[in-house]
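> Taking numbering that gives the first Met the number 0, the leading residue of the sequence shown gets 0, the next gets one more, and so forth.
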Amino acid sequence: MRCRMNEDTGSDYLQPWQLSEVADGGGVGVVEESKHDNFAEGDFVTSFTWPWQTVAILDGSLLQKLVPQLVNGRLSYFLGAAGITGLTALLGVREKGHVAVGANQTMVVSGAAGACGSLAGQIGRLEGCSRVVGIAGTDEKCSILVQEMGFDAAINYKKGNVAEQLRELCPGGVDVYFDNVGGDISDTVISQMNQNSHIILCGQISQYNKDVPYPPPLPPDIEKIQKERNITRERFLVLNYMDKHEASILQLCQWIQEGKLKVRETMVEGLANIGAAFQSMMSGGNIGKQIVSVSK
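1) Who are the near neighbours of residue 259 in its chain, counting only those whose CB is closer than 7 angstroms to its CB and skipping five residues on each side?
2) My output table needs one value for residue 230: the three-state DSSP class, helix, strand or coil.
3) Would DSSP call residue 288 helix, strand or coil?
4) May I ask which residues mark the beginning and end of the alpha helix (DSSP H) holding residue 51?
5) Do residue 88 and residue 127 count as a contact pair if the criterion is CB distance below 8 angstroms?
6) In the DSSP assignment, find the beta strand (DSSP E) that holds residue 38 and state where it starts and stops.
7) From the DSSP output, read off the bridge partner residues of residue 135.
8) Sorted by chain position, which residues of the same chain lie with C-beta nearer than 6 angstroms to residue 183's C-beta, five sequence neighbours on each side aside?
9) From what residue to what residue does the beta strand (DSSP E) around residue 194 run?
10) Which residue wins for smallest C-alpha separation from residue 32, given the options 179, 44, 216 and 72?
11) Just to confirm the assignment, what range does the alpha helix (DSSP H) spanning residue 279 have?
12) Taking contact to mean 3 or more Cβ pairs, one atom from each stretch, closer than 8 angstroms, check whether the region 164–173 and the region 89–101 are in contact.
13) Check for me: the beta strand (DSSP E) holding residue 107 runs from which residue to which?
14) Taking 8 angstroms as the threshold, find out whether the region 59–67 comes into contact with the region 33–41 through three or more Cβ pairs.
15) On the three-pair Cβ rule with 8 angstroms, is the region 61–78 touching the region 103–112?
16) How many whole angstroms separate the CB atoms of residue 153 and residue 175, which I take to be in contact at a CB cut-off of 8 angstroms?
17) Taking the beta strand (DSSP E) that residue 28 falls in, what are its first and last residues?
18) Give every residue of the same chain whose Cβ lies closer than 8 angstroms to the Cβ of residue 226, excluding the five residues on either side of it in the sequence, and list them in chain order.
19) Taking C-alpha atoms, which residue in 138, 48 and 99 lies nearest to residue 284?
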């Protein structure tokens, strides 16, 4: 969504918002009236293009019917852990992480206390990583990662030397890096990655205010390391794996029901607060998925 505020989104599947246009994003709601054969009054539905408004007329072809029982009635989960965020974490790990049970792999996640990062680390563990280390921006977030979400360790990048802490916590180097931030933190992680390791390029939040291509180029010394160590760094787009979405959503829901996937949300009440919630999310104020509850 942040990219859509730029004149050029840097993406071939997202168009920038236009002046006077209603902003939109992922949303969940209930059908109050329907003229579409696939939907009836009372159905719960979701869309990637849900307008930021209390009541909206939506194109039925852009809606997906939901089964609340899959997430124990927590509809907001369909925007996060059981939605596009969870899909990004799961398919990112599976399709780009090359995680293998018994391979003794170490995974590092930046932006680890955010919506996607908090899931990715847990999924890395479930898929076979022997060690998972998160990087976040507060002591509270680091504590939650370790105590609630099963990370082996977490680094507060605002305290101390990240490179030194990373060497201490990942003595065997890094095999899989789930990159949500780019910039200096990612350069530090890449410099400690092993031969034939893998970067899951999920987001580059530190670069969104800069006029650079996506994915942004690495500094020459880091690019040299990447090439010499044969580290894969490819753009990941979850929409390229539509054929795997249904099975992946069911897997995510199963893990949630079994308590294997812990979900955190930061909830704000009221449409009037959506701007403040968005700003807070972009500055790291959220833990887990940032949600705005428009109505009950």
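Where a beta carbon is used, it is the ideal one built from N, C-alpha and C, also for glycine. Just so we're clear, the structure is a prediction, and the values are computed from it rather than from any experiment.
In this structure, then:
1) So the list reads 125, once near-sequence residues are dropped.
2) Note: residue 230 maps to coil in three-state DSSP.
3) Of the three classes helix, strand and coil, the one that applies to residue 288 here is strand, per DSSP.
4) Segment: none, residue 51 is in no alpha helix (DSSP H) and carries neither H nor E.
5) The answer is no: Cβ separation not under 8 angstroms.
6) It is not in any beta strand (DSSP E) - residue 38 carries neither H nor E in the DSSP assignment.
7) Within the DSSP bridge table, the entry for residue 135 names 155 as partners.
8) Within the same chain, residue 183 has no close Cβ partners at all.
9) Per DSSP, residue 194 belongs to the beta strand (DSSP E) from 192–200.
10) Relative to the Cα of residue 32, the nearest Cα in the group 179, 44, 216 and 72 belongs to 44.
11) Counting along the chain, the unbroken alpha helix (DSSP H) around residue 279 starts and ends at 273–281.
12) At 8 angstroms Cβ cutoff, the stretches do not touch.
13) Note, residue 107: beta strand (DSSP E), 105–109.
14) Contact holds: three or more Cβ-Cβ distances are below 8 angstroms.
15) Counting C-beta pairs with one atom in each stretch, the region 61–78 and the region 103–112 have fewer than three that are closer than 8 angstroms, which means they do not touch.
16) Contact between residue 153 and residue 175 is absent: CB atoms are separated by about 16 angstroms, not below the 8 angstroms threshold.
17) Annotation for residue 28: the continuous beta strand (DSSP E) segment containing it runs 23–29.
18) Result list for residue 226: empty, nothing under 8 angstroms.
19) That would be 138, whose Cα lies nearest to the Cα of residue 284.
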